[in-house]
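Data first, discussion second: the structure below is written as structure tokens.
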């Protein structure tokens, strides 16, 4: 695999498949504008995902663990999850206190490229949901870049931004407030378990997402596009 | 591959039967097939008669209410909370027998039936658990109760109560008599103590029981009650029990010995001191309050404080009736009876405290919502006192007597939970404690010389109802009022105008009109904006038609529907709308622990808002009828 090649033939199969899926979706969208464009909120598969990294500098730090769960309607499907631990040469002991992932921990680990391959296969063209999702997308993009590939093409939703839409306009000052996942969970009465594992955090985020969407959709007439406002 | 979510589901399930009986590998396999489902409060998971899903459910957090229709009510079959399993097909039916609704915010794990049943069949412990659990879920709570007398009681919240494991309540105030007392003496004692049974004692030990039944049998058989002695007709030996007897045990003893009373003694035998008496009635009460039992209880209460406690039970009944979706007119009827008994007993207690009996006949009137029998929650007192005319020289003393009585009455009602009327429309106000002649003058003034101010009073006083005392005085007043009304069109116009002072609550933009300032800013005033206009319209229309002794707003509309066939549909929908609004208000009041008058619109679901809005259409139309019929636009 060449880092500089633009030639599809030299790119890994999983990446070609990922791009093809988007191309196909785009074509379908043009074809069946109505059906695809008005995809129902209830039937859409969202991928809620989270990464544990060696630190908060997305350029320097590396992914240690990657977790994702699928949400359809108001359900999280246990069988439809992804949970990966990565082999990384780079390790930052400071962040271990937070996520508790050891450099030589007893996990079944995969290398970064394998992780990306599984991740892209899992998310497909679905909408990504995360708490402060920008960071997680950025670190995944860095991994993709290291592998000589392009950026993630999926549309994204941030639970913090969605949550703020529930805050009454009267409380405008709160719009600038940043909410941690713990604060969000507390406000939405979601019990905290397995916090700071990628999969545990993504389940909490998934429940938060379901609750927020349910509240936003109190009249039952919300369309998918309303989430991207 | 690691699966934290499945692991978490596994960790949760393994705490509960039947999953705790499963091998951990199997349970983990099941856990990977689970889904995590979120339900908001009142969201429906499945409905009765819907096809069974291929999954069943375990509550992880929150609670699920299972209901099914029973007659025209909705009956709560079970409330499933953390770790409870439901929605599993156990009969040959292909559809759910109950409706599952989230009782609060709930998270559920769903598990595929097919994968699970493979394990269930192979594992005896699992199938045994399932059989046992569903056998107990299906049981009808009423089957434990032997006779039909309890069918109108509410269902206790805890099954514990049904099993009768709680300690029985018995009466500790035992009235007893000597075996050598005559039957007549014993009967007199029972009458003055308002009880249905006496314990016959000798040397303070129980030797027999005398009840209404023995008295009846003695009289029927021609026994001479003045000479026959109690010991000749009493039931003996007595059946005794210790004080810590449970409801279940007590019930068994009553059946076993074929008696209606147990004497509670220190050591449970007839050789020790009596500490109480337990009747079949006490057992019935233990299983929940029926209105009939509650009325009996109210009639016997000796202290105002206890009256308050009895009345609080009525609130429990009310809540349960509303939850069961009983028709509101039925609930109103029952509550009217209960309220009537309450006021009657309060008056009896007040009279007993007076140094002498009333000098002349009098009537205690309920006014306003109480007069219309539309009061379900605690509200203000509105009442008045009417007494027979007395010669001028006795007037002062007579009025003073009735004012003292009314004062006692108002204080007692206050103690029971009814606030004093802020406008002082109470019997203890000298303005509203009057001889009938002065009442007649008062009504005459309101009718012949109406003003916007007097309309405020009319609104209250024209909805009067007797709650204690002479019916004749009431009839006299009513006849007088209707004789004045016949030719007084100006009065109807004022009254109609008054009923129109609140505009329909839905504004041009199809939004609710809410309060613009004050403590209830942005809340909807259901009393003033929706109910009062309907009440006012019903009042003026029924006065116009000379409808007597019909006070309840919904009944007034039903009667009007018969009198004016051309407006039948309108009046019928008014009756319906009023009942719906009243129910709504009571539910809000019970939920928020207040009068339910102000409603936060944001707290209502969309469907509730729509329901409310639908109630306003007939209101707008009936206001139009008043406007046209009584030409209110010409009144300044």
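Chains as they are written, first to last, in my numbering: chain A, 1 to 229; chain B, 1 to 636. We treat Cβ as the ideally placed atom computed from N, Cα and C, and that holds for glycine. Note that the structure is a prediction, hence the values are computed from the model and not measured.
- In the three-state DSSP reduction, residue 54 of chain B falls in the coil class, being neither helix nor strand.
- Using a Cβ-Cβ cut-off of 9 Å, residue 69 of chain A is close to 5, 36 of chain B, given in chain order.
- Excluding the 5 residues flanking it on each side, residue 76 of chain A has same chain C-beta neighbours closer than 6 Å at 69, 206, in chain order.
- Annotated three-state conformation of residue 383 of chain B is strand, per DSSP.
- Distance from residue 391 of chain B to residue 470 of chain B at the Cβ level is roughly 19 Å; contact not present, criterion being Cβ atoms closer than 8 Å.
- Interface annotation, residue 32 of chain B: in contact with chain A, CB-CB separation under 7 Å.
- Look at the region 186–229 of chain B and you find these whole runs of alpha helix (DSSP H), each 4 residues long or longer: 212–220.
- The region 181–195 of chain B and the region 224–241 of chain B touch, with three or more beta-carbon pairs separated by less than 8 Å.
- For residue 74 of chain A, the neighbours in chain B by C-beta distance under 8 Å run, in chain order, 37, 38, 39.
- Along the region 246–279 of chain B, the beta strand (DSSP E) occurs as fully enclosed runs of 3 or more residues at 261–265, 274–279, listed in sequence order.
- Listed as beta-bridge partners of residue 109 of chain B by DSSP are B:36, B:58.
- Residue 190 of chain A sits in coil when the DSSP states are folded into three classes, being neither helix nor strand.
- Counting along the chain, the unbroken beta strand (DSSP E) around residue 465 of chain B starts and ends at 465–469.
- With a contact defined as Cβ atoms closer than 8 Å, residue 139 of chain A and residue 53 of chain A qualify at about 6 Å.
- Excluding the 5 residues flanking it on each side, residue 632 of chain B has same chain C-beta neighbours closer than 8 Å at 493, 496, 497, 500, 626, in chain order.
- For residue 46 of chain B, the three-state secondary structure derived from DSSP is strand.
- Leaving aside the five residues that flank residue 553 of chain B on each side, the residues in its chain whose CB is nearer than 7 Å to its CB run, in chain order, 372, 374, 534, 535, 538, 578.
- By the rule that beta-carbons nearer than 7 Å mark a contact, residue 159 of chain A does not touch chain B.
- Under the Cβ distance rule, residue 181 of chain A does not count among the residues neighbouring chain B, no pair being separated by less than 7 Å.
- In the three-state reduction of the DSSP assignment, residue 76 of chain A falls in the strand class, which pools E and B.
- Shown here for residue 86 of chain A: same chain residues with a beta carbon closer than 8 Å to its own, the five before and five after excluded, namely 62, 63, 64, 65, 66, 109, 110, 111, 112, 115 in chain order.
- Residue B:583 holds the alpha-carbon nearest to the alpha-carbon of residue 329 of chain B among B:583, B:27, B:299, B:629.
- Using a Cβ-Cβ cut-off of 8 Å, residue 373 of chain B is close to nothing in chain A; its nearest Cβ partner there is about 37 Å away.
- Going by beta carbons, residue 308 of chain B and residue 233 of chain B fall outside the 7 Å limit.
- Three or more beta-carbon pairs separated by less than 8 Å are not found between the region 586–599 of chain B and the region 336–345 of chain B, which leaves the two stretches without contact.
- Counting along the chain, residue 603 of chain B sits inside no alpha helix (DSSP H), nor does DSSP assign it H or E at all.
- When secondary structure is reduced to three states using DSSP, residue 125 of chain A falls in the coil class, being assigned neither helix nor strand.
- Contact note: residue 105 of chain B reaches chain A through 189, using a C-beta cutoff of 7 Å and chain order.
- In its chain, beyond the 5 residues on either side, 41, 213, 216 have a beta carbon closer than 8 Å to the beta carbon of residue 222 of chain A.
- DSSP places residue 182 of chain A within a helical segment (H, G or I) once states are collapsed to three.
- When only Cα atoms are considered, residue 189 of chain A and residue 141 of chain A end up about 32 Å apart.
- Not a single CB atom of chain B sits nearer than 7 Å to the CB of residue 226 of chain A.
- Boundaries cannot be given for residue 57 of chain A, as no beta strand (DSSP E) includes it and DSSP labels it neither H nor E.
- The criterion of a C-beta distance shorter than 7 Å is satisfied by residue 41 of chain B and residue 104 of chain B.
- Note on residue 482 of chain B: under 16 other CB atoms within 10 angstroms of its CB, so exposed under the neighbour-count rule.
- Neighbours of residue 61 of chain B in chain A, taken as residues at a C-beta separation under 8 Å, are given in chain order as 191.
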